[in-house]
Structure formats: C-alpha cells, structure tokens
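Colleague: There's a structure below that I have some questions on.
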Ligand code: 13P
Ligand code: SF4
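In UniProt numbering, the protein residues as written are 17 to 328.
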C-alpha cells in the first residue's frame with residue numbers, strides 16, 4: 017500500500033480507472049471527506065447512491081449505509097473500507113424481537129430510522145432519516161398506530177413535534193447519548209452568545225436546552241445562515257470539518273462527552289474505523305463487498321422508496 021501523499025494520489029487514480037464514486041458521511045475523518053465525490057447526511061447519501069452511474073460505489077460511513085446504497089442501486093458493486101464499522105442503533109434491533117413487537121401491534125404502520133439493518137428495513141413500511149422523520153410521521157393517517165424504531169430519542173422528539181403517540185423501540189446512539197449536559201451548561205455560561213445546536217439523537221434533556229435541532233445537513237445550513245458568530249455543536253465532531261470550511265470566521269465549539277477522550281468532544285468509534293489506507297484497499301481489491309439477497313432487498317427497497325417519494 018502506498019503511503020502519505022502518494023496514497024491520496026493512488027486513491028484518486030484508482031477511482032478514475034475503476035469509474036468509482038466515493039460517498040462519505042460528515043462524521044468520517046476530514047481527509048476522507050476531501051476525497052469524496054459527495055459528502056452528506058443519511059438522506060442526501062441515499063439519494064446520491066440511488067442516482068449514481070458509477071460502476072463501483074465506495075461508501076465511507078458505517079455498514080447500514082453501504083447496505084442502503086446496495087438496496088437502492090443493486091446492479092452496482094458496493095464496497096466499504098471496514099466491514100466491522102457498525103452502529104449502536106442498528107445493533108439494538110434483533111430481527112426476531114422486532115418481529116415479536118410487530119406481532120403485538122399487527123395493524124401498526126412501521127417507521128424505521130435508516131440506522132438499522134437491511135433485515136429490519138425489510139420488515140418496515142417506511143424508512144425515515146433525521147431530516148424527514150417529522151414529515152414522514154405526519155404523512156401517516158391520524159387513526160393509525162405507529163411503531164417507531166430503533167432510536168427512542170429521535171422517536172420522543174418526533175412524538176413531541178407531531179403530537180402523535182409512537183410505540184418506541186428503546187435503541188440509542190452511543191455517541192449522542194454520551195454528550196454531557198453538565199459540561200454543555202458550563203460551556204454556555206462561558207460563551208453566553210453561543211447558540212446550542214443539536215442532533216435529534218441526543219437525549220431529551222439536551223434537546224430541551226437546544227436553540228435548534230436538526231440533521232447534520234440541517235445543522236450545517238443553520239450555522240451558514242444564522243447571523244450568530246458562536247455555536248456549540250451537539251453532534252459527532254466530524255461535522256466540524258465542513259462547518260469550518262463553510263464559516264471560517266465563526267467560532268464552533270464541539271459538544272463535550274461525559275467520557276474523557278483524546279479530542280474532548282464526541283466521536284463515533286465506528287465512523288472513525290474508516291481510514292485512507294482501508295479506503296485504498298477497498299478500491300484496489302473491490303472488497304469487502306456488501307451483498308443482500310433479493311428476498312430482503314425487495315421489501316427493504318419498498319420501504320426506502322416510500323421515504324424517497326415523500327422526500328423528493
Ligand atoms: P444524519 O447525517 O442523517 O443526521 O445522521 C446522523 C447519524 O448518526 C448517522 O449515523
Ligand atoms: Fe450509529 Fe451514532 Fe455512530 Fe451514527 S454516530 S453511526 S448513529 S453510533
């Protein structure tokens with residue numbers, strides 16, 4: 017494997033030779049975001065994966081994102097830098113237990129957050145992301161029961177926004193639930209002019225304190241459009257890469273985690289499993305490849321399509 021700047025050049029060369037597209041989530045390291053053809057939130061990345069005409073999709077993100085790309089664009093080869101980059105939300109839903117919950121509420125419409133496995137998507141009526149969850153739930157007739165899985169914090173936020181009663185799956189994002197309210201409050205006293213902006217995967221007590229709640233793309237747009245100069249950003253710190261490029265003159269303070277860590281911020285260990293070297297290997301060997309049986313893919317596709325139709 018080449019090293020340093022040679023590695024970056026080799027990735028660019030391989031990408032061209034293989035007619036590959038690199039998709040990256042805002043939470044992966046900045047150097048990977050810089051090599052990507054498209055960087056976005058879960059909704060934007062799904063739309064990009066669906067419409068690409070590249071032969072090879074390399075997804076720098078986590079496993080469920082690679083799966084989503086394959087479900088939406090099955091004739092393309094989809095590879096990921098690290099097959100073990102998972103997600104605590106996706107991991108919180110065993111298929112058998114989810115089937116049991118559905119059996120207890122046979123008439124309920126099943127809404128699943130995109131952070132779930134292909135198997136769970138196949139058991140879902142309509143997928144949502146953090147940027148359209150409120151809109152998706154509002155599109156469901158008022159007399160219908162709704163199961164909302166797997167993020168209970170997002171679910172409670174959506175229930176509050178829509179006034180709907182949701183049957184929640186108690187999953188959580190390990191990164192967002194570890195943001196420290198106490199440290200946030202201290203930061204706010206140190207920066208009284210700062211606006212607190214938060215991702216809806218955060219705990220309710222943080223969302224209550226927040227001046228603005230939104231998906232990663234929505235948070236980025238908010239700092240660009242706001243007149244304010246200082247922001248405390250309560251989401252994974254990777255988003256600061258694009259934010260700093262977009263608003264170089266503003267002060268952006270990443271929200272601190274409870275756990276003491278090297279960056280004194282919130283980092284997703286799964287997203288950080290993506291490295292330049294693994295990206296190079298994924299492009300070179302076209303491995304590890306995401307494969308999904310048609311039995312799972314077809315119903316999962318339906319649930320994703322139902323969302324994309326509403327979120328055009
Ligand atoms: P969005 O980028 O859709 O806001 O999702 C956040 C997230 O946690 C992805 O894993
Ligand atoms: Fe999953 Fe949270 Fe990491 Fe996103 S930030 S991939 S929701 S664990």
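Glycine residues also receive a C-beta, built at the ideal position from the N, C-alpha and C atoms.
If you draw a straight line from the alpha carbon of residue 362 to that of residue 323, how long is it in whole angstroms?
Modeller: Outside the modelled stretch of the chain, which goes from 17 to 328, sits residue 362, for which no answer is possible.
Colleague: Return the chain-ordered ranges of every alpha helix (DSSP H) run that is complete within the stretch 71 to 111 and spans a minimum of 4 residues.
Modeller: For the stretch 71 to 111, whole alpha helix (DSSP H) runs of length 4 or above, ordered along the chain, are 79 to 88 and 104 to 107.
Colleague: Looking at the strands, I want to know which residues DSSP matches up with residue 68.
Modeller: Here the question's residue 68 lines up with position 52 in the chain shown. In the DSSP output, where bridge partners are listed per residue, residue 68 has none listed.
Colleague: Out of curiosity, what's the CA-to-CA distance linking residue 309 and residue 286?
Modeller: Translated into the one-based positions of the chain shown, residue 309 becomes position 293. Translated into the one-based positions of the chain shown, residue 286 becomes position 270. So the alpha carbons of these two residues sit roughly 25 Å apart.
Colleague: Who's in the neighbourhood of the ligand 13P, going by beta-carbon under 5 Å from any heavy atom, listed in chain order?
Modeller: Answer in sequence order: 57, 58, 145, 146, 231 and 232.
Colleague: What does the alpha-carbon distance come out to for the pair residue 167 and residue 101?
Modeller: Numbered from 1 along the chain shown, position 151 holds the residue referred to as residue 167. Numbered from 1 along the chain shown, position 85 holds the residue referred to as residue 101. Looking at the two C-alpha atoms, the distance is approximately 18 Å.
Colleague: Here's a check: name, in chain order, each residue in its chain whose Cβ is nearer than 6 Å to the Cβ of residue 83, leaving out the five neighbours to either side.
Modeller: The count along the chain shown starts at 1 and reaches residue 83 at position 67. Hits under 6 Å: 134 and 306.
Colleague: Go through the stretch 188 to 221 residue by residue and report every complete run of the beta strand (DSSP E) that reaches 3 residues or more, in order.
Modeller: Here the runs fully enclosed are 211 to 214.
Colleague: CB-CB under 7 Å to residue 152, same chain, minus the five flanking residues each way: which ones, in chain order?
Modeller: Mapped onto the chain shown, residue 152 falls at position 136. Here the set comprises 127, 142, 144, 323 and 326.
Colleague: For the ligand SF4, any of its heavy atoms closer than 7 Å to the Cβ of residue 186?
Modeller: Sequence index remark: in the chain shown, residue 186 carries index 170 (1-based). Because no heavy atom of the ligand SF4 lies under 7 Å away, the Cβ of residue 186 does not count as near it: no.
Colleague: Cβ atoms of residue 288 and residue 45: under 8 Å apart, would you say?
Modeller: Working through the chain shown from its first residue, we reach residue 45 at position 29. Working through the chain shown from its first residue, we reach residue 288 at position 272. Yes. Within cutoff.
Colleague: Between residue 105 and the ligand SF4, is the CB less than 7 Å from at least one heavy atom?
Modeller: The sequence position of residue 105 within the chain shown is 89, counting from 1. Indeed, a heavy atom of the ligand SF4 lies less than 7 Å from the Cβ.
Colleague: Say yes only if the C-beta of residue 54 is nearer than 7 Å to one or more non-hydrogen atoms of the ligand SF4, and no if none qualify.
Modeller: Position 38 of the chain shown, counted from the first residue, corresponds to residue 54. No, since every heavy atom of the ligand SF4 falls outside the 7 Å radius drawn around the Cβ of residue 54.
Colleague: Do residue 221 and the ligand SF4 come close, with the Cβ less than 7 Å from some heavy atom?
Modeller: For the purposes of this step, residue 221 is taken as residue 205 along the chain shown, with counting starting at 1. No, since every heavy atom of the ligand SF4 falls outside the 7 Å radius drawn around the Cβ of residue 221.
Colleague: Quick check: the Cα distance between residue 97 and residue 302, rounded to an integer number of angstroms?
Modeller: Counting from one through the chain shown, the residue named residue 97 turns up at place 81. Counting from one through the chain shown, the residue named residue 302 turns up at place 286. Those two C-alpha atoms are separated by around 10 Å.
Colleague: Can residue 289 be considered in contact with the ligand SF4, in the sense that its beta carbon sits closer than 7 Å to one or more heavy atoms?
Modeller: Start at 1 with the first residue of the chain shown, and residue 289 comes out as number 273. No; taking the cut-off as 7 Å, the Cβ of residue 289 has no heavy atom of the ligand SF4 nearer than that.
Colleague: Run the proximity test for residue 42: is its beta-carbon closer than 7 Å to any non-hydrogen atom belonging to the ligand SF4?
Modeller: Here residue 42 refers to the residue found at position 26 of the chain shown. For the ligand SF4, not one heavy atom lies less than 7 Å from the Cβ of residue 42.
Colleague: By the DSSP assignment, the beta strand (DSSP E) with residue 128 in it spans what residues?
Modeller: One-based indexing of the chain shown puts residue 128 at position 112. Residues 125 to 129.
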